[in-house]
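Numbering (the working numbering), first residue to last: 16 to 141.
Beta carbons: idealized from backbone N, C-alpha and C, even for Gly.
These notes are about the structure you will find just below.
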Amino acid sequence: MTRLVGSPKNVDVFYDCVGEKGVVFNNILKIARRGTRIVMIGVLQNEYKVPLLPDFVQHELRISGTTMYVPQDFKDMIRLMSEGKISTKGMITHHFRLDQIKDVFRMIDNKEEPFMKIMLTYDQLS
16 MTRLVGSPKN VDVFYDCVGE KGVVFNNILK IARRGTRIVM IGVLQNEYKV PLLPDFVQHE
76 LRISGTTMYV PQDFKDMIRL MSEGKISTKG MITHHFRLDQ IKDVFRMIDN KEEPFMKIML
136 TYDQLS
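Below, the structure written as structure tokens:
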């Protein structure tokens with residue numbers, strides 16, 4: 016976080032796209048300054064544990080939620096791709112076996128070549 020903006024105190028809006036049963040949200044509550052906005056994106060889990068929830072009120076934070084997609088969107092996309100109405104050509108730019116995962120991360124970290132989606136394949140156990 017601090018590498019991007021210098022300090023969490025400079026952040027006006029936090030986006031929680033992960034959830035983790037409230038871990039991320041709780042961490043945001045630790046560092047958000049008074050009046051900061053928090054946007055929960057597509058976090059569809061139950062049983063959140065947020066011990067610092069009182070800080071939400073005390074720091075006058077604002078929260079909003081959004082989900083980018085609903086289940087029917089995924090069904091429609093899969094159908095349209097299978098019918099060839101939406102081309103996926105070029106979306107998967109690299110294929111690796113799961114045992115090559117270190118090579119994948121090295122390629123990404125070293126910016127060795129551009130990529131969009133990386134497909135990992137593995138052999139299922141019999």
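Take residue i and list the residues in its own chain whose beta-carbon comes closer than 8 angstroms to its own, dropping the five residues that flank it on each side.
i	result
residue 50	74, 75, 76, 77
residue 136	110, 111, 112, 113
Should residue i be labelled buried (16 or more other beta-carbon atoms within 10 Å of its own) or exposed?
i	result
residue 29	buried
residue 55	buried
residue 89	exposed
Is residue i helix, strand or coil by DSSP?
i	result
residue 120	helix
residue 135	strand
residue 85	coil
residue 17	Any answer about residue 17 is weak, because its pLDDT of 37 lies below 50 and its placement is not dependable; what the coordinates show is given next. It is helical.
residue 106	coil
residue 22	coil
residue 43	helix
Might you give, ordered along the chain, the residues of its own chain that have their beta carbon closer than 6 angstroms to the beta carbon of residue i, omitting 5 neighbours on each side?
i	result
residue 109	130, 133
residue 34	58, 60
Pull up the CB-CB distance for residue i and residue j, whole angstroms please, since I reckon it's below 8 angstroms.
i	j	result
residue 23	residue 41	Actually they are not in contact, since the Cβ atoms of residue 23 and residue 41 sit about 14 angstroms apart, beyond 8 angstroms.
residue 63	residue 104	The pair is not a contact, with the Cβ atoms about 40 angstroms apart (cut-off 8 angstroms).
residue 53	residue 31	7 angstroms
Would you please verify whether the beta carbon of residue i is less than 9 angstroms from any beta carbon of chain B?
i	result
residue 109	The structure shown contains no chain B; it is built from a single protein chain.
Query - Sufficient close CB pairs (3 or more, under 8 angstroms) joining the segment 116 to 128 to the segment 77 to 95 - result: no
Query - the segment 95 to 105 contacting the segment 118 to 129, beta-carbon criterion three pairs below 8 angstroms - result: no
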